[in-house]
Amino acid sequence: MKLHTFIKSAAAFIAAFASFSLSASEDWQNESVFRINKEPASATMKFYPTAEAALAEGKTPFEASLNGDWKFRFSGNPDARPKDFHRPDFDDSAWGSIPVPSNWEMHGHGVANYTNIIYPFKMNKPFVMGEPDASYTTHAEDFRNPVGSYRRSFELPADWKGGRVFLKFDGVSSAFYLWVNGKKVGYSQDSRTPATFDITQYLALGKNTVAVEVYKYSDGSYFEDQDFWRLAGIFRDVTLMWQPDIALRDVFNKATLKNNYRDGSLVTELLVSNPTGIRRGFKLSGRLYDSSNRLISDADFGSEIDPKSSMLCRWNFPTIQNVKAWSAEDPNLYKLLVEFETAGAEKIYTVFNVGFRSVEKKDGQVLVNGKPVLFKGVDRHEHSPELAQAITPDVAKADILAMKKYNINSIRTSHYPNHPSFYDLCDKLGMYVIDEANIEMHELYTNKDGPIGKGWEAATLDRVKNMVERDKNHPCVVFWSLGNETMDCKAFEDAAAWVKKRDASRLVHYDRNLPPTYADIYSEMYITPEDIVKFLRKEDKLEPSERHPVILCEYSHAMGNSSGVLKNYWDLVRKEPRFQGGFIWDWKDQGIYKNAEPIVRVKDSANTKRSICVFPDSRTKRVMERAGAVAVPGLFERPAGAFTVALKLNSQGFEPKVDYDEGPAKISKQPHPVRFAPTEILAEQKGVFVLMFVDKRKTLSFSVWNGSAWDILEAPADFKKTAEIAASAGNGEMALYLDGKRIASKEISKDISFFGTNPLMITPRNKESKDSVLGAVEKFRVVDAVLDRDFFTAEPDGARTLSNIDFADFRQVPSNKRYFAYGGDFGDFPNDGSFCMNGLVMADIFPSPQVWEVKKTHQNIHSKLVSFESGIAQVDIFNENFFTDLGNISASWTVTRDGREIEDGDFDLAPVQPQSTARAIIDLSDVDMSEDGEYFLRLSYKTKSATSNAVPAGYEVAWEQFPLGGKYRQFSARNEEGKLSVENSSDFLTVVGDDFKAVFNKRNGWLSSYDFAGKKLITGEMRLSLWRPQTNNDMGAKLAEKLAVWRTAAERMRLVRFDSRQQTDGGWSFVRIESRYAIPAKDSSATFSYDIYPDGTIYVNGEIAVAKGLPMLPRMGMQFAVNKNLNTRFWYGKGPYENYVDRDQGTWVGNFKDSVSSAFHKYSDPQEASNVAEVRHATLLGSGVGAMLNIYSQGGFFELSTYPCLIEDIEQALHPTQLPERDFNIVSVSAMNMGVGGVNSWGAIPYEDAQIKSGKTYKISFAIKGRD
């Protein structure tokens, strides 16, 4: 054992305190001031009076928590803060209280603000008090930079005699001053690492008062531009700690492997400090125990330490033979008990978990314990929907245990050091961790102002040091990350050099160091698999020692309905040895619980059967302000030769009629500036008309569809906040009116007929651009005649009022629901909307459908069917683990015929060694596969007992499915006994059988209803569907704009021909109906035929020819409404989870059942959902209907989507609680639904094999049949 000693000069301490005394009042706007009188960063330690107590790792009498209720005063800006609140005699009796830890926004103080890149204050480093844009929540000077003033008192435990007392804050955002008993102690920035102060000299006997002044924004906030909610307060633990005068200040356990990774090596460095003026003796003893509490090794050292000095001591423990190494697969931990004794004082103890493992870069690979492990990781923000960022260890543990179920083995602490307890959990439960410094200057980087210039380097290094020193004893940490999305510069090069000198046992990560020069891995965000290959091939030209591992710190952006690219990445991981995985962005939605707005009810006096859903704006409590509405049925179920539409708008909506409490986090009371969107739609019925403002309300535009093109009328409009707007079309003319004055007109054809069954949308929002009509609709009226005055009252002879809605005459009904709020929901600005909802799981860790894709692509057991002959299946099984065999895995098989299980059993699975393959022989010779049908073999692998890395017993960790042969038996209808009759009228053709009725609309050719056994099954038109609700990825790629030709193309199709005739086929009688269409997209066209048989079967065959040179299509399918009570869906196809053509790895072929409501996953930002692929047949059923609807594939399989409401509802809803309960469900039967993509969510589109290309002809074939 060698002893190294050094004496720390007190000069730094004195200088820091002097600067505190002399500094300007605004340390929080001075980049060179970031710590005053703080203790140096050090390892997390807890001291105990006995060895037994230390080993138990429970509570200690040497610590006292100051968590709990504190007196609290919120001030909107620094000038408004109570200047003398730190005085012990200050009267705080009128103050409220706040729990510590917490974010003060979660207790009704200030505004929770989510922004991804843009700083929530005026960017002008280091200042945060400049006047920002008028739209900013912080624009008002009295709300420019909130300050929280905290006070509480405490008494020291009676047995804390002598020694020194420290006060530690584990996390305060973003900067704070500390006073004890009225005396200023210090100042701190870096909100995500501890600030510890020696408060010994400030204490008094008996009652002590502590005061903390917290600034929401400071120059430190420029470092904290992470993609998360901007929240403030004392959000982590506050702890009083006692230590003897001569104390152990820091410990660094350097545990690694040697001798071909077989044996353990432990070197422990211990820093002893003597702040007294007397030379003192001390003794250190260390005892290393294994997991069975067996003593493995020990060490002792005694010495004397000079006054006012520190001494670094080192233990070199003997080599530990055949050590049990730590890994995420098998997190073996030892305990190091440290005993510290000084002359004349009692012994104190502390304990550390020690994991023996090595991390190195070798020949372009990262090796953990000598193995090129795969990082199956996620990026994780610390977040809870109830607690926001003040999370508890229970929240972190629940996250980690859930990750284990989805085969996730790695976490990146994006983008800051986590709560100290998180690392203990990762050590014990087994997670590889990229620990990331609290540094992100994203907006500065985006504006090319990112290089950290002179004056900022010290703060940069301080943040890196704070992380490393605190977390250096955790074996779970395998990478130190210098920060995130801040421009590469010398400050990070210097930080990397410091890290490597301080800790050579880990690798350095930094995503902006590209190509890597000081970072150890290549970690470009959101790079495609194709570009990864290019990088690898480029580095193949280098010497092996110069090559870099590829580990993506962010990839497969999981925002909303996403993760359609995981297979592409993981196929490449398993092909390319130097591509070792990555971290999916991200783990969990960052939603905050908010009570849902009251439901707004309005009626249409012209059609009381019209169902109107109002979609409120979450930023305001005023009714109809920025709100939209969707009404069904639409206006023109009967053709009209003319119409007039009129709206009255006001500026701010209406006062609410019921009380509404949004919850703990409050909506901003700051007024929003008047900012008009580029386009504001006032009213629209797809395929018929659009009335809107364009060019930021400089122009009023009115468009009507004339059967082959849009007739458009525009006029300058001097419109501000309130107005009456009207537009008319018919009798050969279009006209626009503003406040009763005719402002424009033009001639149009006199032969236009306005007809359409699509929903009516009133002041709808554009979710892609986040625009909505500024103001509120007060009245809405449509008449099927041309009006030129009295738009809200005139009743011309022979005219019908098609719609008349008085939005001022509303009712409000409490929702009694809550949702996960995202950016903007509290009136916060700037905000990035739902861009914080990127999780594989919801904010409450309820699984999103895409997480099953993660589980499957990450699984560690892979099966390959080598052969299946004479009932014997030979399967090769590969163990992708690196350190654990498959001895704890049980294996079973199931054989299905047409989705029904016909036999199952277990099979022998050898304890396959890591990274090895073994062959299993599965005897299926007794399984009867003689019957016609489609046969599949599914293999399942489950844990026999709970694993050391926290996977529960009996849990399925891997599976595979293989086709064994046979063919799906397609449905065929033949019933010669039944009779058919055809009823013809001017508008409808009705086919009637003994037990069914099918009605076709002759004006558009579509099947408009289908009854069976006297029960209405199909209640809305079955028509071509080329659109789907937009996903977040669709919106990020601006597909609503790029694919706009398809948004209403199906609604604007022109019926060219409609025929019906009775036919026979092999003696069977049926009715054939044919419809031919011109699609308004170049020369695209469609033909549909319906063969209707006496038993009620209808064969639907469509052929859609899409012209060349057009953009891809979102969907190619048929859509129709069904009886609301058909609320359960059964299908034979891919399941049981939602899946798409590019996200189906986590699903298998079988029979599945789900409700329409639960199958439609409630993404936090409503969007396309519920799809299942490769469907052979499906059934819609429900209680109280008395009949069910079967859907059978014909030819190829189909994709099935079911929605509990309209597509338009989904595209208007900001939150799932806004989705209405319509009196129908929507069903989509598709030849193909475009993939979901997921390389990123701001421009990437699905891969070509998941696209519906133009220039092709598509076929849709299926059959429907009722059944009682």
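Numbering-wise (this note's numbering), the sequence shown opens with residue 103 and increments by one. Ideal placement from N, C-alpha and C gives every residue a C-beta, glycine not left out. Fair warning: this is a prediction, and the values are worked out from it, not measured in the lab.
Item, Value
"Secondary structure at E1176, three-state DSSP: helix, strand or coil?", "strand"
"Kindly indicate which three-state DSSP category A112 falls into: helix, strand or coil?", "With a pLDDT of 36 at A112, under the threshold of 50, the modelled position of that residue is not reliable, and no figure is offered here."
"State buried or exposed for D691, treating a residue as buried only when at least 16 other CB atoms are found within 10 Å of its CB.", "buried"
"Inspect the beta-carbon positions of E484 and H517 and report whether they are closer than 8 Å.", "no"
"So the candidates are Y363, F1098 and V1208; which of them puts its Cα closest to the Cα of I1200?", "F1098"
"Is the beta carbon of M944 sitting closer than 8 Å to the one on Y924?", "no"
"Return the CA-CA distance between L157 and V453, expressed in angstroms with no decimal places.", "6 Å"
"In angstroms, rounded to a whole number, what distance separates the CA positions of T746 and V885?", "5 Å"
"Got a sec, what are the start and stop residues for the beta strand (DSSP E) T444 sits in?", "Y436 to T444"
"Should L397 go down as buried or exposed, given a rule of 16 or more other Cβ atoms within 10 Å for buried?", "exposed"
"To which residues does DSSP link V202 through a beta bridge?", "G170"
"So, helix, strand or coil for K1361, using DSSP?", "strand"
"Distance check for F1300 and S1343, CA to CA, integer angstroms please.", "27 Å"
"Does chain E have any CB closer than 8 Å to the CB of N918?", "Of the protein chains in this structure there is only one, and it is not chain E."
"Going by alpha carbons, who is nearest to V1029 out of F1038, A1022 and R1021?", "F1038"
"Taking the straight line between their C-alpha atoms, what separation do you get for V675 and E488?", "37 Å"
"Confirm, please, whether the CB-CB distance from F681 to V725 is below 8 Å.", "no"
"Tell me the residue span of the alpha helix (DSSP H) that contains L1302.", "First-last for L1302: F1300 to Y1305, but that is the beta strand (DSSP E), not the alpha helix (DSSP H)."
"Can you find at least 3 beta carbon pairs, one from the stretch 1167 to 1187 and one from the stretch 1288 to 1295, that sit closer than 8 Å?", "no"
"Consult DSSP for L1145 and reduce its assignment to one of helix, strand or coil.", "coil"
"Does H211 come out as helix, strand or coil in the three-state DSSP assignment?", "coil"
"Does the Cβ of W689 have 16 or more other Cβ atoms within 10 Å, making it buried, or fewer, making it exposed?", "buried"
"How about the stretch 1331 to 1342 and the stretch 653 to 668: do they share at least three Cβ pairs that are nearer than 8 Å?", "yes"
"Using only alpha-carbon positions, find the residue among L439, L469 and K360 that is nearest to F984.", "L469"
"Distance check for V1277 and L1302, CA to CA, integer angstroms please.", "7 Å"
"Is the stretch 136 to 147 close to the stretch 281 to 290, with three or more CB pairs under 8 Å?", "yes"
"Please name the residue in W1061, P718 and A145 whose C-alpha comes closest to that of K957.", "W1061"
"Roughly how many whole angstroms lie between the Cα atoms of G178 and T240?", "9 Å"
"Following the continuous beta strand (DSSP E) through L390, name the residue where it begins and the one where it ends.", "R382 to Y391"
"Can you tell me the Cα-Cα spacing of L563 and A597, whole angstroms?", "6 Å"
"What does Q976 pair with, by DSSP beta-bridge criteria?", "S969 and I1023"
"Considering just the uninterrupted stretch of the beta strand (DSSP E) at T452, what are its terminal residues?", "I450 to V456"
"Per the contact definition of three or more C-beta pairs closer than 8 Å, is the stretch 773 to 782 in contact with the stretch 228 to 240?", "yes"
"For C715, which beta-bridge partners are listed by DSSP?", "V732"
"For G322, which three-state DSSP category applies?", "helix"
"Give me the Cα-Cα distance between F337 and L1228, rounded to the nearest whole angstrom.", "48 Å"
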